Every structure is written in C-alpha cells, then in structure tokens.
Amino acid sequence: MTSLRPPWHARNKPLLTVLATFIAYVALVSVLLVGTILMLALLPGVNVALGVAVGDPTSPLDAALALAMGAMWLPAALIGVRFGGWRPVGTLLSVAARWRREVLTSTGVWAGIGGLLVVAVAALAGALAAASAPGASPAPEELGSGSMGALLGVCVVVLLLAPLQVAGLELTMRGVILQVVGTWVRAPWLPILVAAAVPLVGRFSSPSVLIATIGVAAAAAVLAWKSGGLELPFALMLTVTIGSLLTSAFAAGTGAGAAARALSGGVAAPGTSATVIGAESAPSLAGGIGGTVALLMLTVVLMIVVSRREGLGFLEPVRRPAAIPAPELVPF
2 MTSLRPPWHA RNKPLLTVLA TFIAYVALVS VLLVGTILML ALLPGVNVAL
52 GVAVGDPTSP LDAALALAMG AMWLPAALIG VRFGGWRPVG TLLSVAARWR
102 REVLTSTGVW AGIGGLLVVA VAALAGALAA ASAPGASPAP EELGSGSMGA
152 LLGVCVVVLL LAPLQVAGLE LTMRGVILQV VGTWVRAPWL PILVAAAVPL
202 VGRFSSPSVL IATIGVAAAA AVLAWKSGGL ELPFALMLTV TIGSLLTSAF
252 AAGTGAGAAA RALSGGVAAP GTSATVIGAE SAPSLAGGIG GTVALLMLTV
302 VLMIVVSRRE GLGFLEPVRR PAAIPAPELV PF
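In my numbering, the protein residues as written are 2 to 333.
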C-alpha cells in the first residue's frame, strides 16, 4: 500500500510513521494514567485497592485500565499513518484502502468462532494439567476474590473496551509494523517475523505468556498478509480476547482460569497488568502451549478457506485489484 504513491514510500516515511505512532501513544497513555491517578485520589479507599487489584482478573478497575491502555494504540496508529506517513488512514486497513465488511460477514465469522474454540482448548488444557499434576492448582493467595458484582463489572468493561484494544493492537502491531518493514522488504516473511517479535517488548518473562504472545502475533500477522487486510485478525483476536478475559475472571482459582489468564496475557497490550499472571504453573503453561497450537492450526485452516474463496495458492496473498485507482494524496 505504501508503494501506490511515490511520496508514501520515501526512505524516511517508515521511520516517521513509527516515531509519530510511538510519540502519540506515550502522550495519550500519559494523559490516561494521570487522569486515573487523579480520579483515584478523589475517591477515598479506591487507590489502596488498586495496588491489590493489579493482575487480578476479577477486578473491573484493573481490567478497565489495562484495556484502556491497549485502546490508546488505536488513535496512535491513525495519527502515525496520517501525520508520520502522511497518507490516508484507509491504506492501513486493507488492500482496498477501506474496511471490507464483506470479508467480516464471510470468512470473519469463521475466524470469530475459531477464536472461541482456541480459548476452549486452552482452558481444557489447563484443567487437565491441574487435574493430573500434583500442586498444579494456583495457590490460595493467587485466587481471584471477586464478588458477583465485580465479575459483572468485568463483563461490562471487557465488552465495551476489548473491541477498542483489539482494533488498536491490530492497526499498530500488524498494520503499521507490516507496512513499515514491507516498505523496505518486499518478501513477506521478514515483516511477519518482525511483527511477531515486536509485541514481546514490555512483556514479563513468564514462559506461558511469551509462548502465547508469539503465537498470537504470528497468527495475526500471517492472516493480515494472506487476507490482504486487518479484518480477519480483528475478528479472531476479538473473540480470543473477550473469551480469555471472561474465562480467567469467572474461572479464577482453577486450572482453566490460569490457562485462560496465560492466553489473555498473550493478546494483551505490551506493558499492561494483563500480561502478569503471577507464579508460573502447570495449568498456565499448558494453556499457553495448547492455545498457541490451536491458534496456529486455526490460522492454517483460515488460510485454506481464503485460498479457496479467492482462487489463490496456499502461499499466495490477496492482492489489490488493478482496476481500483490509488487513493488520493492527502493535503499538506
């Protein structure tokens, strides 16, 4: 997409795009954190509870802050592309320079259903590991202590903010990164490897979360390249994010909850409390591995579906139709 107009693929434009995106994110998340601290300072007792709630999947406050920080990547990516790359933001979405609803209503539905199956596989792997390994269950101090009201609050927060976080991460971690590296390198595999590695920055060194992070990022990057847009990875990661967060909250203290927590750490925004799972355990490791394997298998299936729908080879991506005119240059 950056090669459609000469000004878009100048040597400095990829670096300017990344720089503008990062600066915008730092500014936005700083405002968010300062606003949160000020709000908690005006609410007696809540600021004390925040320290206890960090990393607790049953805490609406912790879930809201983690998802909101991830959602800040959405405006940051749009600012980076518009004012760093100086091109229309539609070029970030797909080869058609727009959000392709027809992809969501066809293949995207199967991607969403597949995401729920990935969460189910991870939870089942964690439950089996907890049942078979002595001492595999989380320690009492690691169990979630959320009431039903808190769990309902988590549901509301997740359903409202998860789509914004997923959109932000897909636009940045897949859209911006793939296009930036792809401006210099035409072969797809190096941009995909970079897109799989960048989300590891800011992660904690839990093996289960690191495994899930690599699997999530690689699957989303491959689907973005194969389908020619962000619609499929968005649909897939949205259901994985919502399913894993809700499972880790409602099944807190069980093997299934620990496994879902590892998977949710993989889809979370880097540097947020959602990547913290506490002490590594057999269920969380089983969930990270099981969920990653299921996710990669689903990616292969979706690639086959896209190939058959579009009449392409397995390793042939959806390309921009030659009849579509290039987007107009944005005004200075």
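The beta-carbon is built from N, C-alpha and C at its ideal position, and this holds for glycine as well. Please read these numbers as outputs of a predicted model, since none were measured by experiment.
Close CB contacts of V217 within its chain, under the 6 Å cut and outside five residues either way in sequence, are with G267 and V268 (chain order). By the criterion of at least three beta-carbon pairs nearer than 8 Å, the segment 56-73 is not in contact with the segment 7-21. The bridge partners DSSP lists for S95 are G230.
Note on the segment 263-303: there is no whole alpha helix (DSSP H) run with a minimum of 4 residues. Per the Cβ contact rule, the segment 171-178 is not in contact with the segment 249-259 (fewer than 3 Cβ pairs under 8 Å). Under the three-pair Cβ rule at 8 Å, the segment 185-198 does not count as touching the segment 145-162.
With respect to the 8 Å criterion, G292 and A123 are classified as neighbours on the basis of their beta carbons.
Taken atom to atom, the span from the alpha-carbon of L94 to that of A134 is near 45 Å.
For I38, the enclosing alpha helix (DSSP H) stretches over residues K14 to L43. A Cβ-Cβ distance of about 5 Å is found for the pair S209 and L286, placing them in contact under the 8 Å criterion. Cβ atoms of V82 and V90 come within 8 Å of each other, at about 5 Å.
A contact between stretches requires three or more CB pairs, one per stretch, nearer than 8 Å, and the segment 271-281 meets this requirement with the segment 62-82.
Short of 6 Å from the beta carbon of V319, and not among the five residues preceding or following it, lie these beta carbons of its own chain, in chain order: S228, G229 and E311. Distances from the CA of M304 to each of A225, R102, I243 and I178 were compared; the closest alpha carbon is that of A225. With a 10 Å radius around the Cβ and a threshold of 16 neighbouring Cβ atoms, A327 comes out exposed. Taking a contact as a CB-CB distance under 8 Å, the pair A270 and Q180 does not count as one, their CB atoms being some 20 Å apart.
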